[in-house]
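J.:
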Amino acid sequence: MKNKPDYISEIKRMKEEKNAIILAHYYQTGDIQDIADFVGDSLALSQKAASNDADIILFAGVLFMAETAKILAPEKKVLLPDLNAGCSLADSCKEKDFKKFIKDNPGRTIISYVNTTAEIKALSDIVCTSSNAVSIVNSLPPDEKIIFAPDRNLGNYVLNLTGRDMIIWNGTCHVHEEFSLEAILKLKDQNRESKIIVHPECELPVRMVADYIGSTAALLEFTKKDSGNCYIVATEPGIIHQMKKENPDKIYIPAPPRDSTCGCSECNFMKLITIEKIYNCLKSEKPEIKLSKKIIIAAQKPIRRMLDISGKKVTEK
Ligand code: 13P
Ligand code: SF4
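Last residue of the sequence shown: number 316 in numbering that gives the first Met the number 0, and the count goes up by one each step with no gaps.
#1: Just checking Thr128 against ligand 1 - is the residue's beta carbon closer than 8 Å to any of the ligand's heavy atoms?
#2: Between Asn131, Met305, Pro140, Pro141, which has its C-alpha nearest Leu153's C-alpha?
#3: Looking at Leu78: is its Cβ nearer than 9 Å to the Cβ of Glu287?
#4: Any idea which residues DSSP pairs Leu22 with across the strands?
#5: Let me know the secondary structure DSSP gives Ile231 once reduced to three states.
#6: If we require 3 or more residues per run, which beta strand (DSSP E) segments fall completely within the segment 106-191?
#7: Strictly by DSSP, which residues pair up with Leu78?
#8: With DSSP run on the structure shown, which of helix, strand or coil describes Thr314?
#9: So is Ser283 buried or exposed if we call it buried at 16+ other beta carbons inside 10 Å?
#10: Leaving out five residues on either side along the sequence, give the residues of the same chain with a beta carbon under 7 Å from the beta carbon of Ile109.
#11: With a threshold of 8 Å (Cβ to nearest heavy atom), would Leu71 be considered close to ligand 1?
#12: Say yes only if the C-beta of Tyr26 is nearer than 8 Å to one or more non-hydrogen atoms of ligand 1, and no if none qualify.
#13: CA-CA distance, Ser226 and Thr234?
#14: So, at 7 Å on beta carbons, what are the nonlocal neighbours of Gly326 in its own chain, with the 5 sequence-adjacent residues on each side left out?
#15: Inspect the beta-carbon positions of Lys17 and Asp54 and report whether they are closer than 9 Å.
#16: Would you say the beta carbon of Glu66 is closer than 8 Å to some non-hydrogen atom of ligand 1?
#17: What I want to know is whether the C-beta of Val174 ends up closer than 8 Å to one or more non-hydrogen atoms of ligand 2.
#18: Identify every residue that forms a DSSP beta bridge with Ile252.
#19: Over the uninterrupted beta strand (DSSP E) stretch that includes Lys194, give me the two end residues.
#20: So Leu82 packs on Leu62, CB below 8 Å; how close in whole Å?
#21: Taking C-alpha atoms, which residue in Ala59, Asn279, Glu74 lies nearest to Pro50?
#22: Considering only C-alpha positions, which residue in the set Val232, Thr222, Leu180, Ala59 is nearest to Met207?
#23: Would you mind giving the Cβ-Cβ distance between Tyr112 and Ala65, rounded to the nearest angstrom? I have them listed as a contact below 8 Å.
#24: DSSP has Ile212 in a bridge; who is on the other side?
#25: Is Asp90 helix, strand or coil by DSSP?
#26: In terms of residue numbering, what span does the alpha helix (DSSP H) encompassing Ile239 cover?
#27: If we call anything under 9 Å between Cβ atoms a contact, is Thr222 one with Ile31?
#28: Would you tell me roughly how many angstroms separate the C-alpha atoms of Thr161 and Glu118, rounded to the nearest one?
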């Protein structure tokens, strides 16, 4: 029987040989984060995709992230090790339905969260991520009417902070809408000194008990700088890998879901990516992200507008 290749050293070798980089989201498994050239939240990953010297970008994340990289770097080969790595939130906003929504609510500036398909971005005026949604909305004149899509929880969070005239698409993420308030409060009771840290995609009752709300990068930064030593983490638990690397002596407790087959809050799309798939993908240079020129041109504008507003700040791993 043929021996399995040493995936890690082969990936490192092929990266050099092919001038490829691996961009990984915080929700990837620890082994993938550790071999990546760059680990970040959605904003930092898109900033990195827009500015690097590689010929090939291998995306260890989900489809909308790899598509965003392709839109920002159309001349590069962008690879995603498993094209089934989608996103329940992006899936909740279909092009045909969104076109009707826009038609039914005319005269509004369309802000779409980066967790959308390239087609939805192409219909938008400006893109945002969880780390810049509030500043993107605040960058618009105060009387500008807005459509915000597709996450209703992030949308309501932004609405509460900005008080803008916003109509919000009714989408959610299967991970973040499932956190159990009851289980979180029980954990808090058992760990009185802990702080509850929450991603804005979570439902209002969970956001209401939060000590801190932020994007994945912001949550990581909070645990780095905060003087506390125990955190109940209400987002996908992959982020805990970086939290432990930064502050190994602190305690991080993943917030439990109401119901899930694994009893955990993992994103089953993110977790489709494995080291073995990364090895095969880099070797065969497939699957590759392909988008039409028309979609790339149309989707580039709202993403570039976001990047211009967000400046050049990149959160390094
Ligand atoms: P961030 O932008 O905070 O990295 O979140 C991405 C995401 O998919 C949240 O579920
Ligand atoms: Fe999409 Fe939710 Fe997975 Fe993030 S955690 S990629 S929003 S399904």
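We treat Cβ as the ideally placed atom computed from N, Cα and C, and that holds for glycine.
T.: The structure says:
#1: Mapped onto the sequence shown, residue 128 falls at position 129. The answer is yes for Thr128.
#2: If you number the sequence shown from 1, residue 153 lands on position 154. Selected option, being the one with the closest Cα: Asn131.
#3: Here residue 78 corresponds to residue number 79 of the sequence shown, with the count starting at 1. Here residue 287 corresponds to residue number 288 of the sequence shown, with the count starting at 1. Yes; because the gap between Cβ atoms is below 9 Å, this pair is in contact.
#4: By one-based count along the sequence shown, residue 22 stands at place 23. The secondary-structure analysis by DSSP pairs Leu22 across a beta bridge with Phe37, Phe58.
#5: The residue you call residue 231 lines up with position 232 of the sequence shown. DSSP places Ile231 in strand when its eight states are reduced to three.
#6: 108-112, 125-127, 145-148, 165-167
#7: Within the sequence shown, the letter at position 79 stands for residue 78. DSSP lists Leu57, Glu287 as partners of Leu78.
#8: Your numbering for residue 314 matches position 315 in the sequence shown. The pLDDT assigned to Thr314 is 36, lower than 50, so where the model puts this residue is not dependable; a value taken from the coordinates is nonetheless given after this. Residue state, collapsed to three classes: coil.
#9: In the sequence shown, counting from the first residue as 1, residue 283 sits at position 284. With fewer than 16 other Cβ atoms within 10 Å, it is exposed.
#10: Working through the sequence shown from its first residue, we reach residue 109 at position 110. Ile101, Leu122, Ser123, Asp124, Ile146, listed in sequence order.
#11: Along the sequence shown, one-based indexing puts residue 71 at 72. Checking every heavy atom of ligand 1 against the Cβ of Leu71, none is found closer than 8 Å.
#12: In the sequence shown, counting from the first residue as 1, residue 26 sits at position 27. Yes, Cβ of Tyr26 sits closer than 8 Å to a heavy atom of ligand 1.
#13: Translated into the one-based positions of the sequence shown, residue 226 becomes position 227. Translated into the one-based positions of the sequence shown, residue 234 becomes position 235. Spanning the two alpha carbons is a distance of roughly 21 Å.
#14: Examination of residue 326 is not possible in this model, given that the chain is present from 0 through 316 alone.
#15: Within the sequence shown, numbered from 1, the residue matching residue 17 stands at position 18. Within the sequence shown, numbered from 1, the residue matching residue 54 stands at position 55. The answer is yes: Cβ separation under 9 Å.
#16: Walking along the sequence shown from the start, residue 66 turns up at place 67. Glu66 Cβ: outside cutoff for every heavy atom of ligand 1.
#17: As a working note, residue 174 is residue 175 in the sequence shown. Flag set: Cβ of Val174 near ligand 2.
#18: If you number the sequence shown from 1, residue 252 lands on position 253. Looking at the DSSP assignment, Ile252 forms a beta bridge with Ile231.
#19: As a working note, residue 194 is residue 195 in the sequence shown. Run containing Lys194: 194-197, per the beta strand (DSSP E) assignment.
#20: Counting from one through the sequence shown, the residue named residue 82 turns up at place 83. Counting from one through the sequence shown, the residue named residue 62 turns up at place 63. About 7 Å; that satisfies the 8 Å criterion.
#21: For this step, residue 50 is matched to residue 51 along the sequence shown. The question names Pro, yet the displayed sequence has Ser at residue 50. Comparing Cα-Cα distances from Ser50 to each of Ala59, Asn279, Glu74, the minimum goes to Glu74.
#22: Counted from its first residue, the sequence shown places residue 207 at position 208. Met207 has its Cα closest to that of Leu180, out of Val232, Thr222, Leu180, Ala59.
#23: As a first step, residue 112 is located in the sequence shown; it is residue number 113 there, counting from the start. As a first step, residue 65 is located in the sequence shown; it is residue number 66 there, counting from the start. 16 Å between Cβ atoms; not a contact.
#24: The residue labelled residue 212 in the question sits at position 213 within the sequence shown. DSSP lists Val197 as partners of Ile212.
#25: Within the sequence shown, numbered from 1, the residue matching residue 90 stands at position 91. Correct three-state label for Asp90: helix.
#26: For the purposes of this step, residue 239 is taken as the residue at position 240 of the sequence shown. Residues 239-245.
#27: Reading the sequence shown from its first residue, position 223 is the one you call residue 222. Reading the sequence shown from its first residue, position 32 is the one you call residue 31. No, these two residues do not count as a Cβ contact at 9 Å.
#28: As a position in the sequence shown, residue 161 is number 162, starting the count at 1. As a position in the sequence shown, residue 118 is number 119, starting the count at 1. About 27 Å.
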